[in-house]
Structures are given as structure tokens and as C-alpha cells.
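If you read the protein sequences in the order shown, they are chains A and B. Numbering of the first sequence is given in the numbering used here, commencing with residue 2 and proceeding in unit increments. Numbering of the second sequence is given in the numbering used here, commencing with residue 328 and proceeding in unit increments. Beta carbons: idealized from backbone N, C-alpha and C, even for Gly.
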Amino acid sequence: MTSDRPFGRESIIPYNYRRATYRAGIAVSSVIIAIFAIFPMYWIAQNAFKTRSAINDSITFLPTPSTFTFARFEVVLSSRVLNYIINSLIVTAGTIVLVVLVSLLAGYGLARFEFRGKSYFARVLLFGYMFAPIVLALPLYLIWNRLGLLNTYLGLIFALSALTLPFTVWLMWKFMQSIPKSLEESAWIQGAPRWRGFIDIVLPQAKPALIANALFAFAIAWNDFTFAQILLPREEATTFPPGVLRLLNSQWETGYGDFMAAALLMIIPPLLFAYFLQSYLLQGFEVRSI
Amino acid sequence: MTMSQQKSIHDSSNQDEPLDVTVQNLTKRFGDLVAVDNISFNIKPGEFMTLVGPSGCGKTTTLRMVAGLETPTDGQIRFGEYEVTDLPAQERDAALLFQNIALYPHMTVRENMAYGLKIQGVDKAERNAKVKEAAEMLQIDDLLDEKPKKLSGGQQQRVGLGRPIVRDPTVFLFDEPMSDLDAKLKRELRPLFEEVTREIGCPTLYVTHDQEEAMTMSDRIIIMNDGHIEQIGTPEEVYNDPQTGFVGGFIGQPTMQFFEGELIDIGDSVSFAIDDHTWKISDIEQGSSYINNKVRAGIRPQHIGVVTGGESGSAMNLIPAEHSLDEPLGDETHSFFETDLGRITVVTAPDFRGEPDQDYHLQIKKEELKLFDAETDKRIR
Numbered sequence: 002m003t004s005d006r007p008f009g010r011e012s013i014i015p016y017n018y019r020r021a022t023y024r025a026g027i028a029v030s031s032v033i034i035a036i037f038a039i040f041p042m043y044w045i046a047q048n049a050f051k052t053r054s055a056i057n058d059s060i061t062f063l064p065t066p067s068t069f070t071f072a073r074f075e076v077v078l079s080s081r082v083l084n085y086i087i088n089s090l091i092v093t094a095g096t097i098v099l100v101v102l103v104s105l106l107a108g109y110g111l112a113r114f115e116f117r118g119k120s121y122f123a124r125v126l127l128f129g130y131m132f133a134p135i136v137l138a139l140p141l142y143l144i145w146n147r148l149g150l151l152n153t154y155l156g157l158i159f160a161l162s163a164l165t166l167p168f169t170v171w172l173m174w175k176f177m178q179s180i181p182k183s184l185e186e187s188a189w190i191q192g193a194p195r196w197r198g199f200i201d202i203v204l205p206q207a208k209p210a211l212i213a214n215a216l217f218a219f220a221i222a223w224n225d226f227t228f229a230q231i232l233l234p235r236e237e238a239t240t241f242p243p244g245v246l247r248l249l250n251s252q253w254e255t256g257y258g259d260f261m262a263a264a265l266l267m268i269i270p271p272l273l274f275a276y277f278l279q280s281y282l283l284q285g286f287e288v289r290s291i
Numbered sequence: 328m329t330m331s332q333q334k335s336i337h338d339s340s341n342q343d344e345p346l347d348v349t350v351q352n353l354t355k356r357f358g359d360l361v362a363v364d365n366i367s368f369n370i371k372p373g374e375f376m377t378l379v380g381p382s383g384c385g386k387t388t389t390l391r392m393v394a395g396l397e398t399p400t401d402g403q404i405r406f407g408e409y410e411v412t413d414l415p416a417q418e419r420d421a422a423l424l425f426q427n428i429a430l431y432p433h434m435t436v437r438e439n440m441a442y443g444l445k446i447q448g449v450d451k452a453e454r455n456a457k458v459k460e461a462a463e464m465l466q467i468d469d470l471l472d473e474k475p476k477k478l479s480g481g482q483q484q485r486v487g488l489g490r491p492i493v494r495d496p497t498v499f500l501f502d503e504p505m506s507d508l509d510a511k512l513k514r515e516l517r518p519l520f521e522e523v524t525r526e527i528g529c530p531t532l533y534v535t536h537d538q539e540e541a542m543t544m545s546d547r548i549i550i551m552n553d554g555h556i557e558q559i560g561t562p563e564e565v566y567n568d569p570q571t572g573f574v575g576g577f578i579g580q581p582t583m584q585f586f587e588g589e590l591i592d593i594g595d596s597v598s599f600a601i602d603d604h605t606w607k608i609s610d611i612e613q614g615s616s617y618i619n620n621k622v623r624a625g626i627r628p629q630h631i632g633v634v635t636g637g638e639s640g641s642a643m644n645l646i647p648a649e650h651s652l653d654e655p656l657g658d659e660t661h662s663f664f665e666t667d668l669g670r671i672t673v674v675t676a677p678d679f680r681g682e683p684d685q686d687y688h689l690q691i692k693k694e695e696l697k698l699f700d701a702e703t704d705k706r707i708r
């Protein structure tokens, strides 16, 4: 070893600074992500509390005492909008329950039973997920019209579940495959009937996937505009997203402030939902690693 | 699921007398593949039977049929006088320790051990008492409130053993439970497995690919290969008296050395001959029918001697050899030699170390030579 070169492979970043560089990189990227994710929400929130003229006159970063008002929420929380919110909550809850139940049973069935055309089924499943909602919504309108499902909660719940199920079934299927079959078999050998093993052993194990599916169904159902707009044409039946659009269209001038207040209301439930479920989600994935 | 069947098995397991397990002409086919080909054996109450063989030989399939997790294509399984061939796993009252132990990660050790009792409807106080008793026997009573993830591999095995203890099963099945453990832990757990199965007193069927586990723990060993049984016998029988070349090669460490040769007639007796080496074989009844036919001879490396120096050809049964490697094990050495007959492993003295330039000769103990039919692999006696 005669060369003056230091031991080891050469690197652009000297060894002593690598750790610091790595940490700085993480910090910078976190800040960038945070700006993109949080700034719009901040902008919505601060504008929701301003008077109409304050928004139109100039760009300000916080409402001042003279421009601060709750007036936007009075408009938005009218009985009309509350009705939209209740409709949204019912449809979302219904979709979550249906999607979680169906994906659980379908995922288990796909993971544990052999049947003809199983691989074909799997391919079709994901293929079904590729359609844009608007492509499906128009034919659905015609079918739902015939079945009398227009303007019903059930009609929208079915439509949204159909949109959500391909992905959630696929996720549950893959997750079920990761649960060792021997766990169930050991329960059978100890005398547990199949349904008992499913409830005692498989269900607790599947919790992370159940929660992921619930989150996914929530996001689809709560944020859905297309299906609700088309399948719930009646004013009293419609949900929050198309409802808010109607509200704003019916006003004389463009109500940016009203829109911000409505958007703020719409963001809060998903944020809460995701926040409380994410800890369960992470817990669940830890348990899986045994 | 008929209640009468269930009742009969439960009644029998409540009696003091454990049942034996009989497998008769059992066959399992998956499509065209014959996984288990017409095998029969019997395990007596309290007997530790090991099913050993290479991977894919059908041993796990056999075990799963006894457990009720696979349906046999053909044949019969009986627990005592009760036929259980088509009885679902739930109604056999068997116990099975899986390769991955299959502890429930979301339950504590106590709940894991009590699960079978809970299914049977035993009340909580009695469940806890039984679990505590078993846990004390297994020295895991301080772990009862832990989740399985917190436990070491050895502790998980103990919990796995605890489940059957509290349940008093009809048969105790093991599906390679120790294959993921290191050698030291295996040696620690082996006596525990034997003690626990003796305590329970039911027949035990232990599946493994590890011949050392089979030899050390078993009352009897079944050696399986390619779906059929090669031999059933005590560890001494299968080691000293292999019925096929496969058994000879599978059991024993280091493995039996094999040579292809033929049997020749030298007047009043027969000899095994390879090229110009011959070994006289005494007391072999079937020998005459193999005269001038190809046979395989097997010899354990323990029965080959090493002669340092010596004249080649001075005696017909000295094989000139060139030393290539030593594996010192402390109490003995495994030495590899290159010869005209191929590479030969020899067990040598602990301090033996081969020299590359030294001439060696290998001496085979001819009374330890075992002859096998070159076609059928059957022992020639």
C-alpha cells in the first residue's frame, strides 16, 4: 500500500459528513413536502374566516380583527348544507361497511380456496379499476333509473362500493396470503370450526388491511363528486361535493370565502379519520412481523 | 359433522388408556403426482415415532393426513378401533406442532395455550389452572402475559409444546418444528420434546429431514423416500442393519460410502470385487444368485482404516489414496481421500492430519461391508 489515497472506496461526500448530509437531505425534502401539503390547507383555513371584501381586495396571510368573521360558516352551515353533510356521512358510512365486509370475505376466499378461473378473475379485478368514474356513471344512471335506485342512499353506496372493491379486494387477497395458513390449521386441530378460526385468528390478523380498506373506501366515498352528481339528481338527496357546487352556482357572485369555508368543513373529517386510524394501521403492521 | 362420531372420539380420549395409531395402505395423489404411495405403519401409545426423509418424500403429507388436514386418496387411518380417515381435523383431538410453531401473534402466551380448551368450552378458572400447571412444567410460567413476538425461538417452542399438554390429545404430531433453530438450541430442546411426549403418553409422530434428530429422539424411525417407506426400525436397527442403500446413505454421519462392483465366486465363498480389489464376504445367503452381477457395496466411514505408507498391492484390499482435506471435530476427524474409486470419507483419530506428499492406503473392514442390489437398492443378505 504505497498510495496516499485513503482506505476504502472514494466518495464525493467525505465519510465524516455523510451522516449530516443524509439528515440534511431528509430535512429539506420534508420541508418541501410539507409546503405542498400544508400550504393549501392553511390558505383555505385563513381565507374561510375573512370577509368577502377582504378576500377580493388584497392578498393577506391572516385575517385581521377588522376582516375576521364567522359569516362564511353561517351560509355554509345552513340547513341546506347540513342536509348535504348528513347525506355524505350516511353514504360514506354505508360504503365503508359494505366495502370492508365484501373485501374481507372475497379476499379470504381468493387466498384460501381454489376455483376455476381464479387467475383470470384476478386480472379482471384490476382491469375493472381502470375505468374513469364518468365512463361508468352514465350507464349506471340508465340502470339505476330502471331499478329505482336513483336518488337513494343505497344506489350511491352500491355504485361507490363497485368502484372501490377491485382495489380493496385485491389488497385483502394479498394480505390474506401473508397470514400463514398454519395459524388457522392449528385452530382447526384444536377443535375450532372454520368460521371460529376465521373470527378468532384471521380477523384480528387482518386488522391492518381492514383499516387500510376502510380508509380507502372513506376517501373514495367522501370525495366522490361524479357518481353523486349523476346518481343523486334531486336537491335533498345529494351529497356534500355536488351540493356545494350547486350552492355556489346559485349565488349572485362568486363566493370564494363560502367556498373556502365549505372546503374546510370537507377536509376535517378525512383528516380526523386518517389521523386516528393511522396509529392502528402501524400497530397492525408491527404485529404481523412475527 | 355428525355428533355421534365426535362423541366417540372424545369419549375414548377421556379414558385412561391412550389409543394407538394405525395407518394402512395410505395413498395420496395430487393430480398425477403420487405423494404418498401405499404406506402402512402403527404407532403404539407412548411411542415416539419419527418419519424421516429428504424433502418431497411425502412425510409431511402423511402427517397432514393423520392430522386430518389432507384427505387420503386411498387407505385407512385408525385411532385405536375408531376409523378417522374421513373425520375432519376438528374432530380428531390431535395436536400438531407446526414448523412455524403457529402461535397467534395477537394473543398472550396464556391465551395461546388455553385456546383449545376455550374452544372445548372449558371455563376460565379451569383453563388458567391447566395452563399454569403446564407452564410450570415447561418453565415458562413467568412469560404467560407476554405476546409471542417477545419470546425467543426456544421459548416459542415451549409454548407450542404447552398447547397439547393442557389438552391431552389422541396423537401428538410434529411437522419439522426445529428446522429453523440453531444446532445448540436443537440439542437443548430434544430432551424436552421427549419428556413432554412421554408425559402426555399418546402416540407421537415426528416429521423431520434431520437424521440426527430422528436417531436421538425416536423409539422407532420410519425412513421415507419418494412416497414409499424404505424401512421401519429402532435407531440401532436402521443404523446397523439398513434394508436398502438409501437407508444406509441417509442414516449416519458422515454418510455411508458406496462403491459399484460385482460379486465373484472364489471357490468356497463369494467376494466383492472392484477392479483388482476383492473383499471376501462371509455369511451371505443370497450371494450365489448375484455371482458375476453388478452390486453396490456400502461401508461407514468409521469402518475404514488409514495406513500410512505401505506398499501398493501388497495386499489386495489396500486402496492407494491421496489425502485432500481434514475436518477436525475435536473428538474425531473426518478426512477426505482421493482414490481410484472416487473420493472417500474416513473417520480418523482426533489428531490425524494428512500430509500432501505422503502415500496412504485405505483399509476397508470387510465384515462391515453391506451389499445392495444395484437395480432395486435392496440389501443382499
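Inset, instruction - Report yes if the C-beta distance between B/ILE646 and B/LEU689 is below 7 Å; otherwise report no. - result: In terms of Cβ geometry, B/ILE646 and B/LEU689 form a close pair [threshold 7 Å].
Inset, instruction - Inspect the beta-carbon positions of B/PRO628 and B/PRO581 and report whether they are closer than 7 Å. - result: A contact, by the Cβ cut-off of 7 Å.
Inset, instruction - Report the residue from B/LEU652, B/PRO432 and B/ASP347 whose alpha carbon sits nearest the alpha carbon of B/LYS477. - result: Each of B/LEU652, B/PRO432 and B/ASP347 was checked against the Cα of B/LYS477, and the nearest Cα belongs to B/PRO432.
Legend entry - Helix, strand or coil at B/PRO345 [DSSP, three-state]: B/PRO345 falls in the coil class under three-state DSSP.
Legend entry - Cα-Cα separation between B/GLY443 and B/GLY489, rounded to whole angstroms: Their backbone Cα atoms lie some 11 Å apart in a straight line.
Inset, instruction - Taking 7 Å as the cut-off, decide whether the C-beta atoms of B/LEU346 and B/GLY407 are in contact. - result: Going by C-beta atoms, B/LEU346 is nearer than 7 Å to B/GLY407.
Inset, instruction - Return the residue from the list A/VAL29, A/ALA55 and A/PHE62 that minimises the CA-CA distance to A/TYR43. - result: For the set A/VAL29, A/ALA55 and A/PHE62, the Cα lying nearest the Cα of A/TYR43 is the one of A/PHE62.
Legend entry - C-beta contact flag for A/GLY118 and A/PRO167 at 7 Å: No, Cβ-Cβ distance for A/GLY118 and A/PRO167 is not below 7 Å.
Inset, instruction - At 8 Å on the CB atoms, spell out the chain B contacts of A/SER183, in chain order. - result: For A/SER183, the neighbours in chain B by C-beta distance under 8 Å run, in chain order, PHE425, GLN426, ASN427 and ALA429.
Legend entry - the region 541-553 of chain B touching the region 353-360 of chain B, judged by at least three CB pairs closer than 8 Å: Verdict: no, contact absent.
Legend entry - chain B contact for A/ALA207 (CB, 7 Å cutoff): So no, A/ALA207 is outside the interface.
Inset, instruction - Using a Cβ cut-off of 7 Å (strictly closer), state whether B/SER340 contacts chain A. - result: Confidence in B/SER340 is poor, its pLDDT being 46 and thus under 50, which makes the residue's placement unreliable; the coordinate value appears in the next sentence. Answer no: the Cβ-Cβ gap between B/SER340 and chain A never drops below 7 Å.
Legend entry - Minimum Cβ-Cβ distance from A/SER192 to chain B less than 7 Å: Checking the displayed sequence, the identity of residue 192 of chain A turns out to be Gly instead of Ser. Yes, A/GLY192 counts as interfacial toward chain B.
Inset, instruction - On a CA-only basis, which of B/SER662, B/GLU694, B/GLN426 and B/LEU652 is nearest B/ASP507? Give me that one, please. - result: For the residues B/SER662, B/GLU694, B/GLN426 and B/LEU652, the minimum Cα distance to B/ASP507 belongs to B/GLN426.
Legend entry - Within chain A, partners of B/GLY443 - CB distance below 7 Å: By Cβ distance, chain A contributes GLN191 and GLY192.
Inset, instruction - Indicate whether the contact test is met: 3 or more Cβ pairs, each with one atom in the region 411-427 of chain B and one in the region 453-464 of chain B, closer than 8 Å. - result: Contact between the region 411-427 of chain B and the region 453-464 of chain B is absent: fewer than three C-beta pairs spanning the two stretches fall below 8 Å.
Inset, instruction - For chain A, find out if any of its Cβ atoms is closer than 7 Å to the Cβ of B/ALA362; answer yes or no. - result: Not closer than 7 Å to any Cβ of chain A, the Cβ of B/ALA362 fails to qualify, so no.
Legend entry - Where B/VAL361 sits in the DSSP three-state scheme: Note: B/VAL361 maps to strand in three-state DSSP.
Legend entry - Opposing strand residues paired with B/ASP700 [DSSP bridges]: Per DSSP, the beta-bridge partners of B/ASP700 are B/VAL622.
Inset, instruction - Please check if any C-beta of chain B sits within less than 7 Å of the C-beta of A/ILE202. - result: Taking 7 Å as the CB threshold, A/ILE202 lines the interface with chain B.
Inset, instruction - Give a yes or no on contact between the region 437-454 of chain B and the region 192-210 of chain A, applying the rule of three or more CB pairs nearer than 8 Å. - result: Touching, yes, given that three or more Cβ pairs across the two stretches are closer than 8 Å.
Inset, instruction - Confirm, please, whether the CB-CB distance from B/GLN584 to B/ILE671 is below 7 Å. - result: Yes, Cβ-Cβ distance for B/ILE671 and B/GLN584 is below 7 Å.
Legend entry - Segment contact flag, the region 255-273 of chain A with the region 48-57 of chain A, C-beta cutoff 8 Å, min 3 pairs: Flag = yes, the region 255-273 of chain A and the region 48-57 of chain A touch.
Legend entry - Residue-level contact to chain B via CB, A/SER162, 7 Å cutoff: No, A/SER162 lies away from the interface with chain B (no Cβ there is under 7 Å from its Cβ).
Inset, instruction - Assign A/ALA152 to one of three DSSP states: helix, strand, or coil. - result: Before going further, note that residue 152 of chain A is Asn rather than Ala in the sequence given. A/ASN152 falls in the coil class under three-state DSSP.
Inset, instruction - Measure how close the beta-carbons of A/ALA222 and A/LEU126 come, nearest whole angstrom, since I'm counting them as under 8 Å. - result: 20 Å between Cβ atoms; not a contact.
Legend entry - Distance between B/PHE664 and B/SER479 (C-alpha atoms, nearest Å): Cα-Cα distance, rounded: 42 Å.
Inset, instruction - To the nearest angstrom, report how far apart A/ARG195 and A/THR240 are at their CA atoms. - result: Spanning the two alpha carbons is a distance of roughly 41 Å.
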